[in-house]
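Chains A and B, in that order, are what the protein sequence lines are.
Under my numbering, the first residue of the first sequence carries the number 21, and numbering increases by one thereafter.
Under my numbering, the first residue of the second sequence carries the number 3, and numbering increases by one thereafter.
C-beta atoms are modelled at their ideal positions from N, C-alpha and C, and glycine is treated no differently.
Bear in mind that the values here come from a model prediction, so they are computed numbers and not experimental data.
Have a look at the structure below, then the notes.
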Amino acid sequence: MTDAGVSLTEKARGPRPKPPWARPGGTGRGPGEIRHLGLVGALVLLGIVGVVTEPDNFLTSGNLVGILALAATIGVITVGATFVIIGGGIDLSVGAVMALASVWATTLATQSYGPVVMAVCAILVGTGAGLVSGLLIAYGRLVPFIATLAMLVAARGLAQRLSDRKTQLVRPENDAIEALSTTKVLGLPLVVYIFAAVAVAGWLLLNRTTFGRRTFAVGGNPEAARLAGINVRRHTLTLYALSGLCCGIAAIIIMARTTTGSSTHGDLYELDAIAAVIIGGTLLTGGRGTLAGSILGVLVFTLITNLFILNGLQTSDQLIAKGVIIVIAVLLQRRGLRSPT
Amino acid sequence: MGPAKSRPDGTGTDPEPLLRMRGIAKRFPGVRALDGVDLDVRPGEVHCLLGQNGAGKSTLIKVLAGAHQPDEGEILLDGAPVRLTGPTAAMRAGIATIYQELDLVDGLSVADNIYLGHERARYGFTRRAAAERGARELLGRLGHGEIAPRGEVGRLPAAGKQVVSMARALSHRARLIVMDEPSAALAHDEVTNLFRIIRELTADGVAVVYISHRLEEIREIGDRVTVLKDGRAVAGGLPARSTPTGRVVELMTGRDVEDVFPARPAPAGDAPEVLRVEDLTLAGAFEDVSFSVRAGEIVGLAGLVGAGRSEILETVYGARRATRGRVLLDGRPVRPGDTGAAVRRGMGMAPEERKSQALLLNETVGGNVTVAGLNRYSSFGWLNRRREVADVRRQIEALDIRPPDPRRPVVTLSGGNQQKVVLARWLLGADLPPGGEPPGGGPDGPDGPAAPAHGLRLLILDEPTRGVDVGARAELYAVIRELAGRGIAVLLVSSEVPEVLGLADRVLVVREGKVVHSGAARELDEPAVLNMIMEGSAL
Chain A
21 MTDAGVSLTE
31 KARGPRPKPP
41 WARPGGTGRG
51 PGEIRHLGLV
61 GALVLLGIVG
71 VVTEPDNFLT
81 SGNLVGILAL
91 AATIGVITVG
101 ATFVIIGGGI
111 DLSVGAVMAL
121 ASVWATTLAT
131 QSYGPVVMAV
141 CAILVGTGAG
151 LVSGLLIAYG
161 RLVPFIATLA
171 MLVAARGLAQ
181 RLSDRKTQLV
191 RPENDAIEAL
201 STTKVLGLPL
211 VVYIFAAVAV
221 AGWLLLNRTT
231 FGRRTFAVGG
241 NPEAARLAGI
251 NVRRHTLTLY
261 ALSGLCCGIA
271 AIIIMARTTT
281 GSSTHGDLYE
291 LDAIAAVIIG
301 GTLLTGGRGT
311 LAGSILGVLV
321 FTLITNLFIL
331 NGLQTSDQLI
341 AKGVIIVIAV
351 LLQRRGLRSP
361 T
Chain B
3 MGPAKSRPDG
13 TGTDPEPLLR
23 MRGIAKRFPG
33 VRALDGVDLD
43 VRPGEVHCLL
53 GQNGAGKSTL
63 IKVLAGAHQP
73 DEGEILLDGA
83 PVRLTGPTAA
93 MRAGIATIYQ
103 ELDLVDGLSV
113 ADNIYLGHER
123 ARYGFTRRAA
133 AERGARELLG
143 RLGHGEIAPR
153 GEVGRLPAAG
163 KQVVSMARAL
173 SHRARLIVMD
183 EPSAALAHDE
193 VTNLFRIIRE
203 LTADGVAVVY
213 ISHRLEEIRE
223 IGDRVTVLKD
233 GRAVAGGLPA
243 RSTPTGRVVE
253 LMTGRDVEDV
263 FPARPAPAGD
273 APEVLRVEDL
283 TLAGAFEDVS
293 FSVRAGEIVG
303 LAGLVGAGRS
313 EILETVYGAR
323 RATRGRVLLD
333 GRPVRPGDTG
343 AAVRRGMGMA
353 PEERKSQALL
363 LNETVGGNVT
373 VAGLNRYSSF
383 GWLNRRREVA
393 DVRRQIEALD
403 IRPPDPRRPV
413 VTLSGGNQQK
423 VVLARWLLGA
433 DLPPGGEPPG
443 GGPDGPDGPA
453 APAHGLRLLI
463 LDEPTRGVDV
473 GARAELYAVI
483 RELAGRGIAV
493 LLVSSEVPEV
503 LGLADRVLVV
513 REGKVVHSGA
523 ARELDEPAVL
533 NMIMEGSAL
């Protein structure tokens with residue numbers, strides 16, 4: 021073993037052929053982009069179905085913009101949920117936290133301070149609820165499922181109490197909130213831009229920062245992450261706070277779209293968000309996933325809802341279709357994962 | 003297609019082989035893992051498989067276990083061709099495999115694990131009493147009657163889990179048992195027991211395919227040896243006892259390995275103290291441990307598994323919080339129980355369990371290398387990925403990680419290469435020429451004298467060569483010494499006494515949580531150390 025003692029860089033075993041995937045640039049996380057082709061295909065397919073079944077209504081700009089506006093609320097929540105799930109957790113409380121934030125922001129007291137304070141209030145309430153869940157999970161060592169289930173129930177209850185089970189209207193002097201969904205820039209309402217901004221920021225955070233990389237590490241192998249010097253608990257706490265923040269933003273969007281705050285907002289959003297994340301290719305066990313996939317998942321679901329409404333079909337059929345789509349998407353991904361790698 | 007010279011000494015004829023593999027080939031994308039391997043195993047023999055990491059041993063035994071389907075070739079059992087379509091088919095054919103990473107379910111009881119997949123049951127109801135009786139009998143036969151069949155497997159030590167795995171193999175009435183590095187997790191006396199069990203099995207006509215990197219073991223227990231290299235059997239059926247070591251190593255590596263531990267100048271006596279441990283105590287694990295490591299010094303801890311070696315390392319690193327005592331790095335105390343603080347102060351650790359403690363199995367090689375040093379490539383949390391990848395490539399080159407591809411999923415690498423990935427994590431930037439360093443080596447990198455390897459001050463290695471073959475071991479040894487030569491303090495634990503003696507400048511012998519001896523490595527030899535290690539247990 022004389023060579024190795026002298027030089028560590030010695031390549032004693034002759035030339036090595038460069039495999040075709042060994043191109044420079046990016047440590048990458050595998051053939052991620054290819055995986056999304058299926059979802060893009062599904063979107064295209066649903067679009068064709070829309071054009072064929074409702075040629076007069078589907079391709080109108082009003083309908084397409086409506087789809088995006090509809091997707092904005094759940095989309096923003098899904099961005100947060102993607103982080104939590106990649107980080108090895110789950111957040112069942114998203115819908116309830118959004119409802120709580122919308123109610124808190126529309127109480128008479130909050131409304132008296134004007135629209136900016138309302139928005140800040142929604143964000144603070146959302147983030148605060150996320151912090152509480154995160155503390156329980158990271159430092160109280162509760163299982164995420166349990167902690168966020170408790171938050172789901174408690175946040176709904178608190179929202180009901182604050183609103184006295186009544187739908188609270190955004191008052192006319194605060195119509196700046198509603199303007200977020202009525203004001204259009206380049207034909208798109210502002211809420212769509214909020215969604216886009218959150219999605220882009222989330223993508224950058226996940227793929228271009230140390231925080232994102234550590235999220236994958238914490239979700240993939242928390243023990244290894246800890247031994248690599250990552251503060252796993254603090255990171256976990258941050259992930260739930262991030263999810264709560266997204267719920268707060270989503271509350272602003274739903275207030276803008278409905279001009280109300282209500283304890284019934286966002287019912288079962290947690291399931292829609294998790295479903296979108298899963299069909300987007302994120303592992304429910306953590307450590308692997310993409311934000312682009314989650315966004316595509318949201319769009320697929322929203323498009324289905326839209327098609328069913330346009331065609332005047334039952335919501336029950338819509339739910340069945342969504343269930344089928346989840347199963348098909350996951351089955352396709354598993355096949356897709358197996359062949360290229 | 004087939005290798006030119008298989009079976010050099012006509013082993014095919016004399017006793018009818020129990021297992022015969024012919025021209026087994028298996029390809030994975032980009033890799034030809036097996037390229038026409040032949041293997042004959044006779045009943046009642048211990049047939050050793052040798053080969054470097056990536057030579058194809060793991061793939062070959064996975065073919066035997068039914069976990070992989072070969073692309074080409076045939077498998078004959080008792081002369082009749084069989085198709086091992088899955089693990090169940092293999093077990094039904096009488097082939098049981100004990101994997102290196104034990105495949106036990108931690109949450110189940112010992113008995114449940116032994117009969118997992120072929121539960122003692124009637125009309126779908128498990129027969130717990132029968133299972134426990136059977137388990138007790140099997141464990142007794144293995145000389146470990148003290149393991150309770152109802153106990154939870156997760157609470158057993160590594161050696162105990164090994165025994166449970168073995169009992170599971172026996173419960174299948176296996177005619178052929180494949181053991182992938184069974185001794186890797188075992189301490190000295192447990193290996194003796196393992197060998198006793200193997201001898202009993204072979205006396206009953208059971209054949210054993212035995213994989214180990216320890217040549218001494220192969221001499222002791224093996225009958226014949228097949229050497230794999232680059233997916234081919236370069237020699238089949240060599241006599242295990244009489245083939246010279248040099249010849250075996252030459253076959254494995256294609257080169258001579260003369261001296262694995264070349265002489266190294268001792269670190270200068272006035273080298274500054276990097277690590278000082280004072281009266282460190284972790285209740286129930288170790289007590290009042292004090293020692294120091296100087297810059298450029300390699301200190302080895304020798305002791306039995308369970309003597310507290312790993313716990314000492316983990317406490318120094320902050321992965322466990324000490325009950326009492328202090329850890330000082332460069333003269334300043336390190337915040338206890340905080341691995342983040344340890345890393346920022348310049349500690350790095352390669353833990354004992356690679357898969358569960360070190361690797362991010364979903365990640366690429368690159369992602370695994372940089373996970374602990376991301377601050378190096380970021381400003382305000384923003385990653386500079388080009389610089390990151392450049393550094394990863396440099397590490398891959400420096401440590402000869404194969405295949406040399408930062409984007410490859412780390413799970414596809416062999417054990418030795420995975421270990422190199424873990425080492426590379428702490429060596430980021432270490433091979434840069436002086437002066438060419440990127441700015442900002444670390445947030446509070448010490449501006450002490452000659453900060454080497456970007457502030458890496460102390461490297462902690464727990465069983466650095468577990469599951470690593472002879473050739474790659476030598477490379478790892480060279481890397482460790484090279485690092486010490488650059489002034490990094492190294493603290494290491496190994497179950498292999500020669501490794502500790504060969505690598506370390508100073509040796510601490512740990513027994514039952516106490517340091518019982520501390521002295522220069524060159525004043526010790528293997529029997530002396532073994533004596534000190536075992537003394538307590540012999541009482």
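C-beta atoms of residue i and residue j nearer than 7 Å
{"i": "ARG22 of chain B", "j": "LEU110 of chain B", "result": "no"}
{"i": "GLY375 of chain B", "j": "LEU430 of chain B", "result": "yes"}
{"i": "ASP464 of chain B", "j": "VAL492 of chain B", "result": "no"}
{"i": "LEU41 of chain B", "j": "THR325 of chain B", "result": "no"}
{"i": "ILE250 of chain A", "j": "ARG228 of chain A", "result": "no"}
{"i": "ALA133 of chain B", "j": "ARG124 of chain B", "result": "no"}
{"i": "VAL347 of chain A", "j": "THR98 of chain A", "result": "no"}
{"i": "LEU36 of chain B", "j": "GLY239 of chain B", "result": "no"}
{"i": "ALA89 of chain A", "j": "VAL220 of chain A", "result": "no"}
{"i": "ILE274 of chain A", "j": "THR130 of chain A", "result": "no"}
{"i": "ALA67 of chain B", "j": "PRO83 of chain B", "result": "no"}
{"i": "ALA121 of chain A", "j": "GLY146 of chain A", "result": "yes"}
{"i": "ASP191 of chain B", "j": "ILE213 of chain B", "result": "no"}
{"i": "SER173 of chain B", "j": "LEU140 of chain B", "result": "yes"}
{"i": "ALA119 of chain A", "j": "HIS285 of chain A", "result": "yes"}
{"i": "ILE157 of chain A", "j": "ALA170 of chain A", "result": "no"}
{"i": "PRO406 of chain B", "j": "ILE398 of chain B", "result": "yes"}
Nearest-angstrom Cα separation, counted from residue j out to residue i
{"i": "ALA293 of chain A", "j": "LEU330 of chain A", "result": "23 Å"}
{"i": "ALA169 of chain B", "j": "LEU144 of chain B", "result": "7 Å"}
{"i": "LEU331 of chain B", "j": "GLY339 of chain B", "result": "14 Å"}
{"i": "PRO192 of chain A", "j": "PHE321 of chain A", "result": "33 Å"}
{"i": "LYS204 of chain A", "j": "LEU210 of chain A", "result": "6 Å"}
{"i": "ARG43 of chain A", "j": "LEU226 of chain A", "result": "Residue confidence is low: ARG43 of chain A scores 36 on pLDDT, short of 50, so the model does not pin down where it sits. Its coordinate-derived value is still stated next. Their Cα atoms are separated by approximately 22 Å."}
{"i": "LYS516 of chain B", "j": "PHE288 of chain B", "result": "6 Å"}
{"i": "PRO529 of chain B", "j": "SER185 of chain B", "result": "19 Å"}
{"i": "VAL218 of chain A", "j": "GLY313 of chain A", "result": "15 Å"}
{"i": "VAL511 of chain B", "j": "LEU303 of chain A", "result": "45 Å"}
{"i": "VAL208 of chain B", "j": "HIS49 of chain B", "result": "11 Å"}
{"i": "ARG346 of chain B", "j": "SER497 of chain B", "result": "29 Å"}
{"i": "GLY82 of chain A", "j": "ALA216 of chain A", "result": "18 Å"}
{"i": "GLY443 of chain B", "j": "GLY302 of chain B", "result": "Note that GLY443 of chain B scores a pLDDT of 36, beneath 50, so its modelled location is shaky; the value from the coordinates is reported in the next line. Near 28 Å, if we compare the C-alpha coordinates of GLY302 of chain B and GLY443 of chain B."}
{"i": "VAL243 of chain B", "j": "ARG221 of chain B", "result": "The sequence given here places Arg at residue 243 of chain B; Val does not occur at that position. Roughly 5 Å between the two C-alpha positions."}
{"i": "TRP384 of chain B", "j": "GLU390 of chain B", "result": "12 Å"}
{"i": "LEU206 of chain A", "j": "VAL85 of chain A", "result": "11 Å"}
Cross-chain neighbours of residue i in chain A, by beta carbon under 7 Å
{"i": "PRO353 of chain B", "result": "LEU247"}
Chain B contact residues for residue i, given Cβ-Cβ distances below 7 Å
{"i": "ARG308 of chain A", "result": "ASN364"}
Where residue i meets chain A, residues with beta-carbon distance less than 9 Å
{"i": "ASN377 of chain B", "result": "THR230"}
{"i": "ARG488 of chain B", "result": "The contacting residues do not exist; ARG488 of chain B stays about 11 Å from chain A at best."}
{"i": "LEU385 of chain B", "result": "ASN227, ARG228, THR229, THR230, GLY232 and ARG233"}
Beta-carbon neighbours of residue i, restricted to chain A and to distances below 8 Å
{"i": "LEU306 of chain B", "result": "Result: empty, since nearest Cβ-Cβ is about 23 Å, beyond 8 Å."}
{"i": "LEU361 of chain B", "result": "ASN241 and ALA244"}
Contact set between the region 224-240 of chain A and chain B, restricted to residues whose Cβ is under 9 Å from the partner: LEU224, LEU225, ASN227, ARG228, THR229, THR230, PHE231, GLY232, ARG233, ARG234, PHE236, ALA237, GLY239 and GLY240
Segments assigned alpha helix (DSSP H), at least 4 residues, entirely inside the region 228-260 of chain B: 247-255
Where the region 241-272 of chain A meets chain B: residues whose CB sits under 8 Å from a CB there: ASN241, GLU243, ALA244, ALA245, ARG246, LEU247, ALA248, GLY249, ILE250 and ASN251
Any alpha helix (DSSP H) of 4 or more consecutive residues that is wholly inside the region 156-209 of chain A: 164-183 and 195-202
Contained alpha helix (DSSP H) runs [length at least 4] in the region 55-127 of chain A, N- to C-terminal order: 57-73, 81-106 and 114-125
Beta strand (DSSP E) segments (min. 3 residues) lying fully within the region 180-220 of chain B: 209-213
Within the region 94-135 of chain B, ranges of the alpha helix (DSSP H) (whole runs, at least 4 residues): 112-116
Runs of alpha helix (DSSP H) wholly within the region 205-260 of chain A (minimum 4 residues, chain order): 210-228, 230-240 and 242-247
Residues from the region 511-524 of chain B in contact with chain A, defined by Cβ distance under 9 Å: none
Continuous beta strand (DSSP E) assignments of at least 3 residues falling wholly in the region 474-523 of chain B: 491-495, 508-513 and 516-522
Within 7 Å of chain A by C-beta, residues of the region 456-473 of chain B in sequence order: none
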